[in-house]
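Asker:
Residue numbers (full-length UniProt numbering): 1 to 320.
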């Protein structure tokens, strides 16, 4: 009967789905210590330069999902030349403990005759990127809430201030709205810290055009960049968060200086405008530090009532 045929089709669909999910959860590889198990299911972090593959994995000790990231070195000798530097970077990253930074757990190198992989395990962010959140907000014809904008900026700057105050300073080098994650409770975490350090030594190409505007003008023009490159990228993120999307040039995904300028001019709050313009200074030495920006009026304002109360206390003390 038709009914039976329908139920058989449904059964087949269910068994297909089960097979698919079983395929995805199949364990492909284990870490040398046996704690982390790589699954077949890929994590969409392809837009992060420096990372060639990212898979969902299981932390068998904690019973939580994590991300298994792989960086491929095209030649073994390339890795040997950079080995000490790469190890130093990852050793530093494992030490990082900050509420607004995606946690690094462990790394190791897998050296084979024809290629070398560096594998590192990071916290899994299931809730999606800030870019996706901004797209959804724009789609629903909403505008950005000023309080939310301030909260986000403060959290990102707090993470950058922490990274930049490390000894030696850690430059993120890849801050875009795609590499910032937002959790359901509003907590912001910045991810993919430091692939930039290994970027020049891996076979992955530079970031595609759609995110080029996030990179400071001095990128590629000077031998070594400073923490100011992160401030420029942060300024672009702050602008995108405020306007939801910076329009690209028609068919091309390239964002022009003209589009950036018109996005800045569209901001109604002069303090917000000045805050972003300071970050986007062409001269890196003129950009403020992350710590200075945390105390900028656009984010940090003493409520009038508190200010009046402080004046009252001072004048009262003078009188007595």
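In this text, a Cβ means the ideal position worked out from N, Cα and C, and glycines have one as well. Only a predicted model underlies this, so the values are computations on that prediction, with no experimental measurement involved.
Using three-state DSSP, classify residue 111 as helix, strand or coil.
Answerer: For the purposes of this step, residue 111 is taken as residue 111 along the chain shown, with counting starting at 1. In the structure shown, residue 111 sits in a strand (DSSP, three-state: E or B).
Asker: Checking the sheet assignment: what are the DSSP bridge partners for residue 243?
Answerer: Indexing the chain shown from 1 puts residue 243 at position 243. Paired residue(s): none; residue 243 is not in a bridge.
Asker: Mind checking which residues open and close the alpha helix (DSSP H) that includes residue 137?
Answerer: Within the chain shown, the letter at position 137 stands for residue 137. It spans 130-139 - the alpha helix (DSSP H) in which residue 137 sits, taken as one unbroken run.
Asker: Is the region 78-97 touching the region 56-65 in the sense that three or more CB pairs, one from each, lie closer than 8 angstroms?
Answerer: No: fewer than three Cβ pairs fall under 8 angstroms.
Asker: Going by DSSP in three states, residue 296 sits in which element: helix, strand or coil?
Answerer: Position 296 of the chain shown, counted from the start, is the residue given in the question as residue 296. Coil at residue 296, not helix or strand.
Asker: Along the chain, where does the alpha helix (DSSP H) that runs through residue 181 open and close?
Answerer: As a position in the chain shown, residue 181 is number 181, starting the count at 1. Where residue 181 is concerned, there is no enclosing alpha helix (DSSP H), although the beta strand (DSSP E) it sits in stretches over 180-182.
Asker: What residues in its chain sit with their C-beta under 7 angstroms from that of residue 153, if we drop five residues either side in the sequence?
Answerer: Here residue 153 corresponds to residue number 153 of the chain shown, with the count starting at 1. Here the set comprises 238 and 299.
Asker: Less than 9 angstroms between the beta carbons of residue 51 and residue 192, yes or no?
Answerer: One-based indexing of the chain shown puts residue 51 at position 51. One-based indexing of the chain shown puts residue 192 at position 192. In this structure, residue 192 lies closer than 9 angstroms to residue 51 by Cβ.
Asker: Out of curiosity, what's the CA-to-CA distance linking residue 150 and residue 225?
Answerer: By 1-based counting over the chain shown, the position of residue 150 is 150. By 1-based counting over the chain shown, the position of residue 225 is 225. C-alpha separation (whole angstroms): 27 angstroms.
Asker: So, helix, strand or coil for residue 222, using DSSP?
Answerer: On the chain shown, residue 222 is found 222 positions in, with the first residue counted as 1. In this structure, residue 222 counts as coil in the three-state DSSP scheme.
Asker: Can you confirm whether the region 159-178 touches the region 215-235 when touching is taken to mean that 3 or more C-beta pairs between the two stretches lie within less than 8 angstroms?
Answerer: Contact between the region 215-235 and the region 159-178 is present, because at least three Cβ pairs lie under 8 angstroms.
Asker: Provide the residue span of the alpha helix (DSSP H) that contains residue 35, from first to last.
Answerer: Residue mapping note: residue 35 aligns to position 35 of the chain shown, counting from 1. Unbroken run through residue 35: none, as it is neither H nor E.
Asker: What are the residues that DSSP puts in a beta bridge with residue 55?
Answerer: Here the question's residue 55 lines up with position 55 in the chain shown. According to DSSP, residue 55 bridges with 42 and 68.
Asker: By how many angstroms is the C-alpha of residue 301 removed from the C-alpha of residue 309?
Answerer: As a working note, residue 309 is residue 309 in the chain shown. As a working note, residue 301 is residue 301 in the chain shown. Those two C-alpha atoms are separated by around 15 angstroms.
Asker: Measure how close the beta-carbons of residue 190 and residue 159 come, nearest whole angstrom, since I'm counting them as under 8 angstroms.
Answerer: Position 190 of the chain shown, counting from 1, holds the residue named residue 190. Position 159 of the chain shown, counting from 1, holds the residue named residue 159. Correct: roughly 5 angstroms between the Cβ atoms.
Asker: Pick helix, strand or coil for residue 151, following the three-state DSSP scheme.
Answerer: On the chain shown, position 151 is the one that residue 151 refers to. Residue state, collapsed to three classes: helix.
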